[in-house]
Structure formats: C-alpha cells, structure tokens
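To start, the structure itself, in structure tokens.
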Amino acid sequence: MLKISLVIVLIVAAFLAGAAVAQTQDEPVVVRATVRDANTIPERIEYWELSLSDGSGSLTVVGPKELPIVSWLRKMKGRPVLVSVQRDVPK
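Residue numbers (our numbering): 4 to 94.
Below, the structure is given as structure tokens:
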C-alpha cells in the first residue's frame, strides 16, 4: 500500500512540475495541420478539426459561425495551415 501511495504522489508531483514549467514558458506553440470539417448537422455552432501533419493527433476548434477564427477555418477547409498560439502579455 505504501508503494502505491508513493507512486501516486510521484506521478502527481511530476504532473504539477510539468504544468508549472508550461505556465512560465512564453514561447508560442506552432501547429502544422490540415483543416477538416467536423460538422455533422447545420447549426449556429461549428466544429473544425485540425489534423496534425505528423499524424500524432488533432485539435478541435468550436465556436459560433461569426467568430473570426471559425470563419477563417471555414475558408481554409481541406488546406494545410500553420496555426500559432501565444500568450498575450498586457502592456
């Protein structure tokens, strides 16, 4: 029982350390992906999938049709894109 508790504590500590490091990084995250339509029925909210170029997974962007990034993804449907996200530092 003590070994299991120790393993759980180590896993949680490693996760928290990783989360703390990730929060202090100001480097932008850049993703190469292909835009795929993930909408199944017409509705106000749209679903767009960014299939990662290396095949390791995908990201989903969900939002109302009027949202600028959703409109942009609609225009890029089926195309390869480069998307970056970075922290906004208040001035």
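Every residue gets a Cβ at the ideal spot worked out from N, C-alpha and C, and that includes glycine.
Thinking just about the alpha-carbon of each residue, which of the options is nearest to the one in residue i?
i, options, result
"V38", "D91, L76 and P67", "L76"
Where residue i and residue j are concerned, what is the direct C-alpha to C-alpha distance, given to the nearest angstrom?
i, j, result
"S74", "A17", "39 Å"
"R35", "I11", "35 Å"
Pick helix, strand or coil for residue i, following the three-state DSSP scheme.
i, result
"I11", "helix"
"A16", "helix"
"L70", "coil"
"R77", "helix"
Do residue i and residue j have their CB atoms nearer than 9 Å?
i, j, result
"T43", "E52", "no"
"L55", "S61", "yes"
"G81", "I72", "no"
"K68", "I48", "yes"
Apart from the five residues on each side of it in sequence, which residues of its chain come closer than 8 Å, Cβ to Cβ, to residue i?
i, result
"E30", "Q89"
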